[in-house]
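Residue numbers (the numbering used here), protein chains in the order written: chain A, 1 to 353; chain B, 1001 to 1353; chain C, 2001 to 2353. From the three backbone atoms N, C-alpha and C, an ideal C-beta is built for every residue, glycine too. In what follows, a single structure is set out as structure tokens and then discussed.
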Amino acid sequence: MQFSAEQIAALINGKVEGDPNISVDSFGKIEEARQGQLAFLANPKYEDHLYTTKASVILVNDSQALREKISSTLIRVPDAYLAFAALLSKYQEMMKQQLTGIQEPSYISKSAILGEHIFVGAFAFIGEQVKIGNNVKIYPQVYLGDRVTIGDDTIILPGAKIYSDCVIGKEVLIHGGCVIGSDGFGFAPQPDGSFKKIPQMGNVVVEDFVEIGANTTIDRATIGSTLIHTGAKLDNLIQIAHNVEIGNNTVIAAQAGVSGSTKLGKNVMVGGQAGIVGHIHIADGSKINAQSGVTKSLKTPNSAVTGSPAYDYTSALRSQVANRHLPDFEKRIQELEKKLQVLLDSGQLTIDS
Amino acid sequence: MQFSAEQIAALINGKVEGDPNISVDSFGKIEEARQGQLAFLANPKYEDHLYTTKASVILVNDSQALREKISSTLIRVPDAYLAFAALLSKYQEMMKQQLTGIQEPSYISKSAILGEHIFVGAFAFIGEQVKIGNNVKIYPQVYLGDRVTIGDDTIILPGAKIYSDCVIGKEVLIHGGCVIGSDGFGFAPQPDGSFKKIPQMGNVVVEDFVEIGANTTIDRATIGSTLIHTGAKLDNLIQIAHNVEIGNNTVIAAQAGVSGSTKLGKNVMVGGQAGIVGHIHIADGSKINAQSGVTKSLKTPNSAVTGSPAYDYTSALRSQVANRHLPDFEKRIQELEKKLQVLLDSGQLTIDS
Amino acid sequence: MQFSAEQIAALINGKVEGDPNISVDSFGKIEEARQGQLAFLANPKYEDHLYTTKASVILVNDSQALREKISSTLIRVPDAYLAFAALLSKYQEMMKQQLTGIQEPSYISKSAILGEHIFVGAFAFIGEQVKIGNNVKIYPQVYLGDRVTIGDDTIILPGAKIYSDCVIGKEVLIHGGCVIGSDGFGFAPQPDGSFKKIPQMGNVVVEDFVEIGANTTIDRATIGSTLIHTGAKLDNLIQIAHNVEIGNNTVIAAQAGVSGSTKLGKNVMVGGQAGIVGHIHIADGSKINAQSGVTKSLKTPNSAVTGSPAYDYTSALRSQVANRHLPDFEKRIQELEKKLQVLLDSGQLTIDS
Chain A
1 MQFSAEQIAA LINGKVEGDP NISVDSFGKI EEARQGQLAF LANPKYEDHL
51 YTTKASVILV NDSQALREKI SSTLIRVPDA YLAFAALLSK YQEMMKQQLT
101 GIQEPSYISK SAILGEHIFV GAFAFIGEQV KIGNNVKIYP QVYLGDRVTI
151 GDDTIILPGA KIYSDCVIGK EVLIHGGCVI GSDGFGFAPQ PDGSFKKIPQ
201 MGNVVVEDFV EIGANTTIDR ATIGSTLIHT GAKLDNLIQI AHNVEIGNNT
251 VIAAQAGVSG STKLGKNVMV GGQAGIVGHI HIADGSKINA QSGVTKSLKT
301 PNSAVTGSPA YDYTSALRSQ VANRHLPDFE KRIQELEKKL QVLLDSGQLT
351 IDS
Chain B
1001 MQFSAEQIAA LINGKVEGDP NISVDSFGKI EEARQGQLAF LANPKYEDHL
1051 YTTKASVILV NDSQALREKI SSTLIRVPDA YLAFAALLSK YQEMMKQQLT
1101 GIQEPSYISK SAILGEHIFV GAFAFIGEQV KIGNNVKIYP QVYLGDRVTI
1151 GDDTIILPGA KIYSDCVIGK EVLIHGGCVI GSDGFGFAPQ PDGSFKKIPQ
1201 MGNVVVEDFV EIGANTTIDR ATIGSTLIHT GAKLDNLIQI AHNVEIGNNT
1251 VIAAQAGVSG STKLGKNVMV GGQAGIVGHI HIADGSKINA QSGVTKSLKT
1301 PNSAVTGSPA YDYTSALRSQ VANRHLPDFE KRIQELEKKL QVLLDSGQLT
1351 IDS
Chain C
2001 MQFSAEQIAA LINGKVEGDP NISVDSFGKI EEARQGQLAF LANPKYEDHL
2051 YTTKASVILV NDSQALREKI SSTLIRVPDA YLAFAALLSK YQEMMKQQLT
2101 GIQEPSYISK SAILGEHIFV GAFAFIGEQV KIGNNVKIYP QVYLGDRVTI
2151 GDDTIILPGA KIYSDCVIGK EVLIHGGCVI GSDGFGFAPQ PDGSFKKIPQ
2201 MGNVVVEDFV EIGANTTIDR ATIGSTLIHT GAKLDNLIQI AHNVEIGNNT
2251 VIAAQAGVSG STKLGKNVMV GGQAGIVGHI HIADGSKINA QSGVTKSLKT
2301 PNSAVTGSPA YDYTSALRSQ VANRHLPDFE KRIQELEKKL QVLLDSGQLT
2351 IDS
């Protein structure tokens, strides 16, 4: 979509300086923007960019003085950063509102119940008895298995797969390639060394305001539900095993993994590529460093751990530092042993053993 | 699907106590179940749940005594756990049998050969000369490249992609988002610092009774086959590189990776997020701990390793424990050095060097 | 496709020895090949395979002598390895050329601009104002969001998803299940402990000759572009966060992750499952070992690091070796302490403290 400087100024109550008809179609950083983009300058320290940027339109503070002529069109506002953020939100809202209707071909089973103002993209599959709330956007190539429920205002991006019986809340954002509701990894060892599959009959419940990154996988519970509580944010390529519970507003960075039946409390932060074993509990507010391997419950709220196996952040760091001096330790121990031996050999000292 | 207590009792030879017409549509844990679910109580220790559960129907042991009135309908059987497991299996079999026919639109090339009683979901793609066995279920949005072969009773879940020429055995279960047969990662360095692709002309062979988790990737061989042998179980988000071989009944947990040309023996167990370098061999029955990094062949059957780099489990654990005492070691070495220096400085001892 | 020995010999200027009409349909390793496959023997050391292989046709060096009769048909060439490599390239080129046309049903928006000799597979989705160059292959179930641009000769394999506004160069190869342009993971913490999404308005730019592995995810920039420069090669299941920059000819192995705003220079090599924190810079030619965790910029070109946290390769290895002797260190320190104490207790030495 194209907007003129004048239209933008009207949206954010700004004053145009320059060509009110010049138009932009996207956003850029002031130092990298190309012609046709809108940028902002909030910090006067970076004023130099004003005179070199290729951005067609720039939001600046009312107070911004100019020491040279500039070729871009300016829009003056009280606070350029806030105005820019407001503009981004309005733009996203506008884009979202535009997206409605059912593209063809798509597959919508007759028993599905659809809300109002929804979008269903081409090649999306909607199974039997699926319930979709109002203003939901189902992008192309999404799969919703039988009896899946999707709350109002949720967005499911291209190619995400949600297996049967899973429940997704309101204002959830699920990225492309996610698989939600795949079987938990459960097998009973047999006498001949083979494994017999344990049926995975539960589901996944994703509560409101959750975001789930691209290609993340969340397994259904064996019985009951794998639970992602309100406001949790999961990055890309994360593994959540069966019967796991992720607390409110807990944040998990990319490529981390949580093993079966483990419960994370509220406001936990898990770093990238961290792993957490099964059947433990992580107390509210705990911080797990990137690449850590947590093997025991963290019972104290606001614990901080690092390392694999993970332990207390402060002492782990101290061990890591000491670890770099290890070859030095070895030399120092050898030196001590040598000196003591010299003393014993010299007859100055004797040890009865 | 809805079943009455009476229908369920008939399936498992149980006796109904309570309303035979009450119906359930899914399974739950006794402590979490909602109305309309079926639960079980096997361990008398948890008897309390009987009086508080919302489950509509509960399987209990014949021997279970009741100390209070309960609102749920009971089905009495000799062993409630076994009866519940049998019920799950029967239910899954029933669900599977129901799934037949070809949904439209789907793309089935004319040269494909289809078995009997198969299911092909909407937006599935079946390439030239593909061969599909009997009772195979191809879910929506699956891709089967040219000349792919699928054995009897195999299930391929939504959005899995199988590139051309791959061979999948019988009773295999492939989860959503898997990519099987993608190019191996092979490049020849060029004098100018760039890389030239080495064509990857082999395929992937997945033998019978294998399960492959969601979004797992298995690369085709450069020449020949990447092999996943009978009964192997792979969890989600695993990487299997080109020309790898995974032995019978080997189990690999989520987010682990195996580099090119490495061979894992039979009944190996690989923990989550573990990595194994290329061109090595892991002996039968070996155990690789979660997050380990295996850099050398494990030649002895039933080896157990941990750590990155990985070594012998017992001595690695001893090193991990000692590692936590490192800052303490440093202090003790300093103390010894200081004392020896004091002794030398005091003239009580002399060392000729 | 089937080729006769005679046709193959003509392609690579070889001489047929045996049946010129025998035909092959694929390539195999000489030691594993089945009937109907073509293999090669370059190293005379492996001559034995010539007499046992099931390959129907074998490329051999002109100089190869035979000590027994063989059943396969031979094609003699000056250098069997080079001839085999040339044949693979010609075969792949031929396969590629065959793939043209638009399969139905596919979804191509009216405002999309399509190049010549392209292939669009069934169930592919091409959004508004998408621009596709010449000879591009879009496989089934691919998603191209609005305003995506694809350069000449690029191949996008089944089920890859490219979100709106991303730019893909020429001769790029994108594997199945990739998600390119998903939202960066950016949230502003709120006073109540919840997180507010920061709109992610940038895009991803993938330059020429890049290869991206299966199920890899590359997030769009917050503002501006996440950049994958010319000739970079990314393996499977890799995470590239928002505003990251990957230099020319940099190679990243499977399951590695790069956090937000980090810049990798040219010809960097990143091992499998390695992680790199955000907002740092990795100098040209650096090598990051598998499973490393890089927490600080590598400012010196051609740095080599390992470990988590990662440091200098040589001293890290020395620490790793010393680490295995840790339990031994402990014993040796104890021994020294004991001996010194014995000496002090015996009255031979005194320390004034």
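*C-alpha gap between A:GLU93 and B:GLY1036, whole angstroms*: 40 Å
*Of the residues C:GLY2018, C:GLU2017 and C:ARG2034, which one's Cα is nearest the Cα of C:VAL2024?*
C:ARG2034
*Whose Cβ in chain A lies nearer than 7 Å to the Cβ of B:ARG1088?*
As written in the sequence, residue 1088 of chain B is Leu, which differs from the Arg given in the question. Those are PRO199 and MET201, listed as they occur along chain A.
*List the residues that DSSP assigns as beta-bridge partners of B:PRO1189.*
B:PHE1195
_Once DSSP output is grouped into helix, strand and coil, what is the label at C:ALA2310?_
coil
*Give the straight-line distance between the Cα atoms of A:VAL136 and C:ILE2162, rounded to the nearest whole angstrom.*
21 Å
*Where does the unbroken alpha helix (DSSP H) through C:LEU2082 begin, and where does it stop?*
2080-2098
_I'd like to know whether the C-beta of B:VAL1342 is nearer than 7 Å to at least one C-beta of chain F._
Absent from the structure is chain F; the protein chains it does hold are A, B and C.
_Suppose contacts are defined by Cβ-Cβ distances below 7 Å. Is B:GLY1177 in contact with A:VAL179 by that definition?_
yes
*May I have a chain-ordered list of the alpha helix (DSSP H) segments no shorter than 4 residues that lie completely inside the region 275-334 of chain A?*
313-324
*7 Å Cβ cutoff, B:ALA1160 in contact with chain A*: no
*Any residues in the region 127-153 of chain A with a beta carbon nearer than 8 Å to a beta carbon of chain B? Which ones, in chain order?*
GLN141, TYR143 and GLY145
*Could you tell me which chain C residues have their CB closer than 8 Å to the CB of B:HIS1325, listed as they occur along the chain?*
GLU2330
*Given A:PRO78, which residues of its chain have a CB within under 8 Å of its CB, disregarding the five upstream and five downstream residues?*
ASN61 and ASP62
*Please classify A:GLU171: does DSSP put it in a helix, a strand, or coil?*
coil
*asked:* I want to verify the contact list: residues of chain B whose CB lies under 9 Å from the CB of C:GLY2333, in sequence order.
replied: Checking the displayed sequence, the identity of residue 2333 of chain C turns out to be Ile instead of Gly. Within chain B, the residues near C:ILE2333 are PHE1329, ARG1332, ILE1333 and LEU1336.
*Identify, in the order they occur along the chain, each residue of the same chain with its Cβ nearer than 6 Å to the Cβ of A:GLN239, setting aside the five sequence neighbours on each side.*
THR217 and GLY257
_I'd like the span of the alpha helix (DSSP H) that includes C:GLU2006, first residue to last._
2005-2012
*is_contact[C:ILE2288, chain A] using C-beta, thresh 7 Å*: no
*What's the gap between the Cα of B:ASP1165 and the Cα of B:ASP1146?*
6 Å
_Contacts of C:GLY2213 in chain A (Cβ-Cβ under 8 Å)_ = What C:GLY2213 touches in chain A: nothing, since even the nearest Cβ is about 12 Å away.
*asked:* Taking the beta carbon of C:ILE2058 as the centre, do at least 16 other beta carbons fall within 10 Å, making it buried, or is it exposed?
replied: buried
*Let me know if A:THR250 comes out buried or exposed under the rule of 16 or more other beta-carbons within 10 Å of its beta-carbon.*
buried
*If C:ALA2005 and C:PRO2020 are in contact, beta carbons under 8 Å, what's the gap, nearest whole angstrom?*
5 Å
*Per-residue DSSP class, three states only, for B:VAL1130*: coil
_Where A:GLN37 sits in the DSSP three-state scheme_ = strand
*asked:* Runs of 4 residues minimum, wholly inside the region 37-78 of chain A: which ones carry the alpha helix (DSSP H) assignment?
replied: 49-52
*asked:* Below 8 Å, how does it come out for the region 1198-1217 of chain B and the region 2257-2277 of chain C: are there three or more Cβ pairs, yes or no?
replied: no
_Strictly below 7 Å CB to CB, what residues from chain B border C:HIS2049?_
Within 7 Å Cβ-Cβ: nothing; C:HIS2049 doesn't reach chain B, min ~13 Å.
*In angstroms, rounded to a whole number, what distance separates the CA positions of B:ILE1008 and B:GLY1014?*
8 Å
*For chain C, is any of its Cβ atoms less than 7 Å away from the one on A:PRO105?*
yes
_Using only the alpha-carbon positions, how far apart do B:HIS1281 and B:VAL1244 sit?_
10 Å
*From the DSSP output, in three-state form, read off B:VAL951 for me.*
With chain B represented from 1001 up to 1353, any question about residue 951 of chain B goes unanswered, as that position is not in the structure.
*Whose Cβ in chain C lies nearer than 8 Å to the Cβ of A:HIS175?*
VAL2179, SER2182 and ASP2183
*Would B:LYS1339 count as contacting chain C if we go by Cβ distances under 7 Å?*
yes
*Once you ignore the five residues that flank B:ALA1254 on each side, which residues in its own chain have a CB closer than 6 Å to its CB?*
ASP1235, ASN1236, LEU1237 and GLY1272
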